[in-house]
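For reference, the structure is listed below as structure tokens.
Number of protein chains: 6
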Amino acid sequence: MPNTIAAFGEVMMRLETPGLRLLSQTDTLQVSYSGSGVNVLSALSRFGHRALPVTTLPDNPIGDAAEANLRKLGLSTDYIRRDGLYLGMYFLETGFGARPSRVTYSNRPHSSFNTAAEGIYPFAGIAGAVDAVHFCGISLAMNDTVRRNALAFAESVKAAGKTVVFDCNYRPALWGEDGYAIARPWYEKMLHLADIVYMNENDAIHILGLPVSSTERLDQLRELIPAVSKSYNIATIAGTHRHIEQGGQHSLLGYLHTGNVFYFSDPLTFPVYDRIGAGDAYASGILHGILSDFAPEQTVRFASAASMLAHTIVGDTPFSSEPQIFRAMMEGIGDIER
Amino acid sequence: MPNTIAAFGEVMMRLETPGLRLLSQTDTLQVSYSGSGVNVLSALSRFGHRALPVTTLPDNPIGDAAEANLRKLGLSTDYIRRDGLYLGMYFLETGFGARPSRVTYSNRPHSSFNTAAEGIYPFAGIAGAVDAVHFCGISLAMNDTVRRNALAFAESVKAAGKTVVFDCNYRPALWGEDGYAIARPWYEKMLHLADIVYMNENDAIHILGLPVSSTERLDQLRELIPAVSKSYNIATIAGTHRHIEQGGQHSLLGYLHTGNVFYFSDPLTFPVYDRIGAGDAYASGILHGILSDFAPEQTVRFASAASMLAHTIVGDTPFSSEPQIFRAMMEGIGDIER
Amino acid sequence: MPNTIAAFGEVMMRLETPGLRLLSQTDTLQVSYSGSGVNVLSALSRFGHRALPVTTLPDNPIGDAAEANLRKLGLSTDYIRRDGLYLGMYFLETGFGARPSRVTYSNRPHSSFNTAAEGIYPFAGIAGAVDAVHFCGISLAMNDTVRRNALAFAESVKAAGKTVVFDCNYRPALWGEDGYAIARPWYEKMLHLADIVYMNENDAIHILGLPVSSTERLDQLRELIPAVSKSYNIATIAGTHRHIEQGGQHSLLGYLHTGNVFYFSDPLTFPVYDRIGAGDAYASGILHGILSDFAPEQTVRFASAASMLAHTIVGDTPFSSEPQIFRAMMEGIGDIER
Amino acid sequence: MPNTIAAFGEVMMRLETPGLRLLSQTDTLQVSYSGSGVNVLSALSRFGHRALPVTTLPDNPIGDAAEANLRKLGLSTDYIRRDGLYLGMYFLETGFGARPSRVTYSNRPHSSFNTAAEGIYPFAGIAGAVDAVHFCGISLAMNDTVRRNALAFAESVKAAGKTVVFDCNYRPALWGEDGYAIARPWYEKMLHLADIVYMNENDAIHILGLPVSSTERLDQLRELIPAVSKSYNIATIAGTHRHIEQGGQHSLLGYLHTGNVFYFSDPLTFPVYDRIGAGDAYASGILHGILSDFAPEQTVRFASAASMLAHTIVGDTPFSSEPQIFRAMMEGIGDIER
Amino acid sequence: MPNTIAAFGEVMMRLETPGLRLLSQTDTLQVSYSGSGVNVLSALSRFGHRALPVTTLPDNPIGDAAEANLRKLGLSTDYIRRDGLYLGMYFLETGFGARPSRVTYSNRPHSSFNTAAEGIYPFAGIAGAVDAVHFCGISLAMNDTVRRNALAFAESVKAAGKTVVFDCNYRPALWGEDGYAIARPWYEKMLHLADIVYMNENDAIHILGLPVSSTERLDQLRELIPAVSKSYNIATIAGTHRHIEQGGQHSLLGYLHTGNVFYFSDPLTFPVYDRIGAGDAYASGILHGILSDFAPEQTVRFASAASMLAHTIVGDTPFSSEPQIFRAMMEGIGDIER
Amino acid sequence: MPNTIAAFGEVMMRLETPGLRLLSQTDTLQVSYSGSGVNVLSALSRFGHRALPVTTLPDNPIGDAAEANLRKLGLSTDYIRRDGLYLGMYFLETGFGARPSRVTYSNRPHSSFNTAAEGIYPFAGIAGAVDAVHFCGISLAMNDTVRRNALAFAESVKAAGKTVVFDCNYRPALWGEDGYAIARPWYEKMLHLADIVYMNENDAIHILGLPVSSTERLDQLRELIPAVSKSYNIATIAGTHRHIEQGGQHSLLGYLHTGNVFYFSDPLTFPVYDRIGAGDAYASGILHGILSDFAPEQTVRFASAASMLAHTIVGDTPFSSEPQIFRAMMEGIGDIER
């Protein structure tokens, strides 16, 4: 039974160097259009849901191209405003082995999304028309107007009795020095409104400033997440622990805390082709499991497999169907499908 | 001492998405021309043999391109008919890690090869002019006319006292439901004619319906292959066991059963760049070993190394020379050759 | 005031060689998805109308890619069925100077669209929901089932009081020998149903078998089009005369016959980058002019300029907005817009 | 005898769609680094002069790439500051025939160059070390800080007894409404300082507000340029008249006014591959002619041929050597050089 | 009735910058394999003849690639020796408008062909097996060993009663200063042996040093070619006059002098995509006309149309079939063939 | 505190097949410009030093392109001569897994560098202007003139009291049969002049012919390097042991012998993207450590990490900055940097 899900956030142009080259080594770039909300919605669209970004794109050929590409990803453009001059961009130099991937942002503070005025979106109307809305902590890092828009939207969703989904997604570089202290009040407001939250123990410790007695990550998680759930009255909290192996494989452990119980996926270990957006795939898997009434143990395994598959796909945006994820949950690595 | 080898089968256009993209993610495709027979012949051509596909290509610019590319691979076009309108095609989305490669066929049932009339090839003449002819079970899956053409050709080869080579290559998706039952009589006829057969225990169990008492693959192989060899009077049977490791490396064990003795290669473990056609490389290695009077233990190791190297080559078609394969048999992984 | 327009017809994969190469000279192809209806709808979508193809795409990754690309073009997928195995394809070797462009079809007779059963589309429902439906003579060339589907749809549209748009688009190679005689009854049925028709004097002479007394093309047009309009009771007939200049420039004269009056554009002469789909751009311009109540002299000039611009755009599909076409109508060749 | 020439202005990243595609039609972009000053300096470097941009590039991988590419063009990086976050960008969709090229700017107002503080460049030191400095009217359109920096630099150059070169390069879109009135005082200040100026009659009429009695462009030029030269005490004024032919060829007439005499090139007519930067090539040719003591009639012909050749080169930046330009002045269109 | 034709000459690797870029502007190159003989043979192969290069390729992966590509062009490798280390190369920067194409040779004097020893080819055997052999004046420019090999081969062909075809193809840069004087004795020897010669009046004047009384090219041709034919007893002499129009179109007039009569094609004017190899296409057309007993007026028109079409094909090597050339002779510029 | 470092050696054009294809499988090549000295200098330039190749490039468009690319890498062209016709080239077919990379040289013996006359470089002047000069054993393999030039330069450097750096870099294929015997006297001369040498135990055994009692590589190293250091009075000797793991990862152990003490890096294991030039990165790291007065244990770890990172970079030339190498020394494999 398909749902209707919106996401509030920035659409960005990703400009990637081809063939693992550095920016200084290339005279071509590969272009795609993504963003945390775009990624989550795109995955949900592949699962059969109706998916609508709530955002602002520039009113020029770059905005046209972005909008066409969102349509291509299966997203509805009904709630996309066209206004302003700039699209946020990021340049990606994909890493290899000991060389980390490098992201250089461009034009972000001045983008159409980040300069859209308060109150310019019809939040109440959208809230009435959808089942759930996804918010991302990256938006909170932009500026006060974006923060106030996000909160106003979340309040509308809450008021309409719909589901508020919030991914903490704290990015240190965007908040700058004393970032945690600046971020805390905004995060707390969002957490009070949210029904489903993506976070882990580090967010609890650093953003929320919770004290912790254990020293192992998993123990900290078991200690802090129930506390957060209780304090902010959050029905469902989910997230992952990622570890990068010697040799470059990643391993991923997904968790889901709901009804006061922890559920964990089996740890998955896999090679990585494109790491960006894999967290959004996890978020989409959790949300799809909840919307589809999967058992929680099934939901956390589904989300982890969705995230694993997202690492094998070119670009930020997940492309796997529900049957493909089910198969990845059941089988080992596949040979050729013909 | 070079031999002259023909292969009966379909030539296909392979249309591959670049850079591990999905079909929905690309606006370019990489084109090559292959097919089981093309691959085997191409490998044999690199070993110094004369190699002639027996097939039909469309009489249009696509057929021209296919023919030009077969010439480039070193194949003679003497027995290529030009007739009809279509070339079989397959679209390849190469997988990565937990995402399997995906093949989508197009135009296959209506291809020039698959619609060529019975009796239209000069099989007797060809049989007289060559040393051996390679047949592939994929052709048997096409339609009755192709099946009858294949059998008629194999009978001509047998009648001329030349070597019939048959690769079982059973493809479940092509035979459909009840495929094994439909396939069995045709496979049995080919096996009765064949001198060299590529198969493993699963073919014996499923296609031929042989009972088996053991449960381990290797035990089943040791139990069933001698039985098949005896029942159908096949001088040589060969094949491989493939295992995909966690992390995506493949491991391969080659076997050769001849003179009632089993010979095995050392198990080889290696990373995979392009898996398609690696079975044809193995088949070519076995055939070259037999034609060149290698000792059987040498032949099975040569074929396994040929197959391992074929996994490192772009495209379906093997490209390694005899000295390159010998070196891969002797050394570990090489550094730079300069 | 935007309208809602559907188009019945086949979606095709265009596989073009890059850089003016021949198929034998390239190992990459550029992929796009088009078709006469797709082109007309895409142009109308850029003019602000709602545009819906009525077609069948295969239920596999190729169909997924086609659907995603239609969404990207701005088309609604509401009336797209997903069924069957194949998408029609054409290979394009773009010509240059004295070397004509060459099109090689593949898989067309077996495509999902051309094998879709009679009566499987909800024609009445669609007819009720739209303002106009575009039909193309290419569909009539496919097979009886497609022809009957097209006629049934046109009858539904007529019955619902909506506009039937028909582009004669007679393709000799598709109809084969005695093609005109075979085509005539079907074309006559469509013409009796149609409100807006694209054709010129050659269609009247050859398909409809009308006698003609004049020998100059333009005189023949003036003689025959009013006769056709009267015989078949067609409100509006439009079309173009194209001439290829020495040196390769094309020149185009558009005509529009409505209310028993002929309107002509100025002859336009221009260089050509991609000629395919330029006729569909003309058709879209005429339709947009009528839907938008442009004066007829304005409509025919708008359509001619739309067609001229379509020759400057990569691919089959027009991409110009209404303001861009207006500017091309007014100005000479532009320098840089910045 | 080589000279040392600096240029004050912004370096931009040019992001061009390949193969005449629109932004909505491509997922790759071609990157280069240019700017009016970069183009002039690059041309001068090819003529053997020492060429130094005076600018600010961001202190990140994008700035590294820009700097590496300027070095590649033969420019010295001695006066390049590295500071700030952004590089100005423009997206280019190259036109064809009746479809004009389209430029979409990104990030320009926030670029490292346009946000560099007043007084941060060591203008006096640079002025002492060079023979001439090139300024461009585009810089004047940016903001007050850039304008004041430009003027301060020009005053330093004047004070040091070196040559001030000023290209009016008025861009209506950058100055906005009432642009001429806003621009006039800044242009007047620059003209009072300048020794060599690039402009034509339109600049005199619109920016400087000069009255004009004639109606033909060439008459206006002959009327106004001597007046400007006299009013602002400018030794040399030069510029071009460009006309776009039906069919897309451009024709160019260069003029040079010096010592109170007008010199004109023959009108040149030629096809255009990449029009951007061709004006900078003309400017470089005039400057080189003056620095090299060419006769004025030679200088204007050299500059026009340099500009014509710049239209045949990929990218904004001229690449022709002095001998290549001399040959283009003497010969018709060349065949192959081998 | 197909003939068997050999050609003696060097195979070269062509390394072309893409998209009209300069070598300094590109980090990719497009590779193909050509040469005067390769081009002529390739065209003849398309006309149905058997075509065999007589040459030496290096015995390394570059030689493998060259050989594979010659097979792809339809050439037999029976007379290709594999020896030595180097393949001659040339870098091509294709020109545009007033910018001429630029060729930079690499490795040529040290190539396997140019260092192959005298007497190492089985010339007599080849001469016995073929109908005609093509020689090119470029080979004569290499070194004494190549010259002596060429003459020895031509003598064998003559001795075997087969046809000697000689294309003067004088390249000033390869012969250097006093080139004509150095070249003359070698050219005279070849002309005494030749049955079919490609040349024009300039070759007669400069290489052969013939005096001429007229001043117009065409008059000179009419004066000198019969004289050459008589002096050297050459049955057939053919060639072209090329003129480059303002705007870049080329115009071509073909002539054929046989049986003491001159035949001329109509002058053809056309745009040019790739000019290199167009002379070889003309040569192949003349040779095919003679071998096929076309009337001389037909032969010269066929050769001119073949050359015109060769200008529209990517790369040095002609790709047109006989029917395509006939159509180009009859029609104007074609639209789309589908 | 930046230093000024020169390097004497050949610049080469690297022509690499894309996407792991063989030369026979590609019609495009990727071009870059490198060489042992270029690589070392490029790395040093990234560390802030002034870097000047001492070499000869051809005086043609290929030389222009090479020079532009060296500037792009950050190298000064002050000591680059332009003379002669050819640039050395190598074709690279990058390997995968069991398929080794394959290098085919072209044009090397005839390159501008290898044919530059003795005494043509102003060695004494250069020696006076720099702090250190890097020499490479590959140059010694070329011909007597190059060898004598190298020695003369090293003597000038010694005479000027500057640092002679020598990388043994013995390439068996370049020296041919009896290579060690031919090489020995030249290597001995260089070693007597050198202050910093890159070598390992194999060089001592084979080139210098030293006897060795141990059988393990590391024991041999500990036995022989101090002996070499003493015999030739070399202050610092450094090098690596490389091992290729099953599965294709490389592992690297760096050593540094200075002040009669051995320092070793931790063994590093890592995947490899582009192995060529990684030894030059190690050399640059050692040299930078010494120039920057790092502690020896720090120097050897820095050089090893620099080499590890060079394996992750496209092309021969290292691109890592000092902070990037420090981070790689401290951390495990990084995730995304944003």
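Chains as they are written, first to last, in full-length UniProt numbering: chain A, 1 to 338; chain B, 1 to 338; chain C, 1 to 338; chain D, 1 to 338; chain E, 1 to 338; chain F, 1 to 338.
Positions of the beta carbon are idealized from the N, C-alpha and C atoms, including for glycine.
Because the structure is a prediction, the values reported are computed rather than measured.
Quiz item: When you compare only the Cα positions, how much space is there between N107 (chain D) and A181 (chain D)?
Solution: Stepping through the fourth sequence from its first residue, residue 107 (chain D) is reached at position 107. Stepping through the fourth sequence from its first residue, residue 181 (chain D) is reached at position 181. Looking at the two C-alpha atoms, the distance is approximately 26 Å.
Open item on the list: Just checking: is the beta-carbon of L20 (chain C) within a distance shorter than 8 Å of some beta-carbon in chain E?
Closed with: The count along the third sequence starts at 1 and reaches residue 20 (chain C) at position 20. Among the CB atoms of chain E, one or more fall inside 8 Å of the CB of L20 (chain C).
Could you list the residues in the stretch 246-271 of chain F with a C-beta less than 8 Å from some C-beta on chain B, going in chain order?
-> Sequence-ordered contacts of the stretch 246-271 of chain F with chain B read Q246, G247 and G248 [C-beta pairs closer than 8 Å].
| message | Taking CB distances under 8 Å as the criterion, tell me whether P109 (chain E) reaches chain D. | response | As a working mapping, residue 109 (chain E) is identified with position 109 in the fifth sequence. Chain D contact via Cβ: absent.
Looking at the C-beta of N69 (chain F), does it have a partner C-beta in chain D at a distance below 8 Å? Translated into positions along the sixth sequence, residue 69 (chain F) becomes position 69. Judged by the 8 Å Cβ criterion, N69 (chain F) is in contact with chain D.
Could you check whether M329 (chain C) and F270 (chain C) sit closer than 8 Å to each other, using their CB atoms as the reference points?
For the purposes of this step, residue 270 (chain C) is taken as the residue at position 270 of the third sequence. For the purposes of this step, residue 329 (chain C) is taken as the residue at position 329 of the third sequence. For the pair F270 (chain C) and M329 (chain C), the CB atoms are not nearer than the 8 Å cut-off.
- Message: I'd like to know whether the C-beta of T28 (chain E) is nearer than 8 Å to at least one C-beta of chain F.
- Response: As a first step, residue 28 (chain E) must be located in the fifth sequence, where it is residue number 28. At least one chain F Cβ lies under 8 Å of T28 (chain E).
**Prompt:** Of all Cβ atoms in chain E, is any one closer than 8 Å to the Cβ of K162 (chain B)?
**Reply:** Taking the second sequence and counting its residues from 1, one reaches residue 162 (chain B) at position 162. Output row for K162 (chain B): interface = no.
- Distance CB(D280 (chain E))-CB(V40 (chain E)) smaller than 8 Å: Within the fifth sequence, numbered from 1, the residue matching residue 280 (chain E) stands at position 280. Within the fifth sequence, numbered from 1, the residue matching residue 40 (chain E) stands at position 40. Yes.
Identified DSSP bridge partners for H257 (chain B): By 1-based counting over the second sequence, the position of residue 257 (chain B) is 257. In the DSSP assignment, H257 (chain B) is bridged to B:I237 and B:F262.
Query raised in the report: Apart from the five residues on each side of it in sequence, which residues of its chain come closer than 6 Å, Cβ to Cβ, to N69 (chain F)?
Result: Indexing the sixth sequence from 1 puts residue 69 (chain F) at position 69. Apart from sequence neighbours up to five positions away, the residues of its chain that approach N69 (chain F) with a beta-carbon distance below 6 Å are Y33, ordered along the chain.
Applying a beta-carbon distance threshold of less than 8 Å, which residues of chain B neighbour G74 (chain E)? To locate residue 74 (chain E), count along the fifth sequence from 1; it is residue 74. Think of a sphere of 8 Å around the beta carbon of G74 (chain E): the chain B residues whose beta carbon falls inside it are A68 and R71, in chain order.
Indicate whether at least one CB of chain F lies closer than 8 Å to the CB of I244 (chain A). Residue 244 (chain A) sits at position 244 when you count from the first residue of the first sequence. Yes, I244 (chain A) lies at the interface with chain F (some Cβ there is under 8 Å from its Cβ).
Discussion item. Against chain D, does G35 (chain C) count as a neighbour if the rule is that its beta carbon must be under 8 Å from one of theirs?
Written reply: Here residue 35 (chain C) is taken as the residue at index 35 of the third sequence, counted from 1. Not closer than 8 Å to any Cβ of chain D, the Cβ of G35 (chain C) fails to qualify, so no.
Rounded C-alpha distance that separates R102 (chain C) from V11 (chain C)
Counting from 1 along the third sequence, the entry for residue 102 (chain C) is found at position 102. Counting from 1 along the third sequence, the entry for residue 11 (chain C) is found at position 11. The straight-line gap from Cα to Cα measures roughly 19 Å.
* To do: Using a cut-off of 8 Å between C-beta atoms, extract the partners of T104 (chain B) located in chain C.
  => As a position in the second sequence, residue 104 (chain B) is number 104, starting the count at 1. N60, P61 and I62, listed in chain order.
Comparing the C-beta of A65 (chain F) with each C-beta of chain A, is any distance below 8 Å?
Position 65 of the sixth sequence, counting from 1, holds the residue named residue 65 (chain F). Chain A contact via Cβ: absent.
As an exercise, report each continuous beta strand (DSSP E) stretch of at least 3 residues that is fully enclosed by the stretch 16-81 of chain E, in chain order.
Every unbroken stretch of the beta strand (DSSP E) spanning 3 or more residues and falling wholly within the stretch 16-81 of chain E is given here in chain order: 28-34 and 50-57.
For G97 (chain D), would you say it is in contact with chain C, using Cβ-to-Cβ distances shorter than 8 Å as the test?
Here residue 97 (chain D) is taken as the residue at index 97 of the fourth sequence, counted from 1. It does: the Cβ of G97 (chain D) has a partner Cβ on chain C nearer than 8 Å.
> Within 8 Å (strictly less), CB to CB, does V31 (chain F) reach chain E?
Replying inline: Here residue 31 (chain F) refers to the residue found at position 31 when the sixth sequence is read from its first residue. Closer than 8 Å: yes.
Notebook entry, point to check: Going along chain D in order, which residues have a C-beta closer than 7 Å to the C-beta of P100 (chain E)?
Noted result: The residue labelled residue 100 (chain E) in the question sits at position 100 within the fifth sequence. Contacts between P100 (chain E) and chain D, judged by CB atoms closer than 7 Å, involve G334, D335, I336 and E337 in chain order.
Considering only residues of the same chain and omitting the five flanking positions on each side of A51 (chain C), which have a CB-CB separation below 6 Å?
Position 51 of the third sequence, counted from the first residue, corresponds to residue 51 (chain C). Sequence-distant partners of A51 (chain C) (beyond 5 residues in either direction) whose C-beta falls short of 6 Å from its own C-beta, in its chain, are I5, L41, L44, S45 and L75.
(message) If contacts are defined as beta-carbon pairs under 8 Å, then M190 (chain A) and F166 (chain A) qualify, I think. What distance do you get, rounded to the angstrom?
(response) Walking along the first sequence from the start, residue 190 (chain A) turns up at place 190. Walking along the first sequence from the start, residue 166 (chain A) turns up at place 166. That belief holds up - the Cβ atoms of M190 (chain A) and F166 (chain A) are roughly 5 Å apart, short of 8 Å.
message: Considering only their Cβ atoms, is the gap separating I325 (chain C) from A306 (chain C) smaller than 8 Å?
response: Here residue 306 (chain C) corresponds to residue number 306 of the third sequence, with the count starting at 1. Here residue 325 (chain C) corresponds to residue number 325 of the third sequence, with the count starting at 1. Cβ atoms of A306 (chain C) and I325 (chain C): closer than 8 Å.
Q: Measure from the C-beta of R171 (chain B) to each C-beta in chain A and report whether the shortest distance is under 8 Å.
A: One-based indexing of the second sequence puts residue 171 (chain B) at position 171. Yes - at least one Cβ of chain A is within 8 Å of the one on R171 (chain B).
Once DSSP output is grouped into helix, strand and coil, what is the label at F123 (chain E)?
Residue mapping note: residue 123 (chain E) aligns to position 123 of the fifth sequence, counting from 1. The answer is helix: DSSP assigns F123 (chain E) an H, G or I state.
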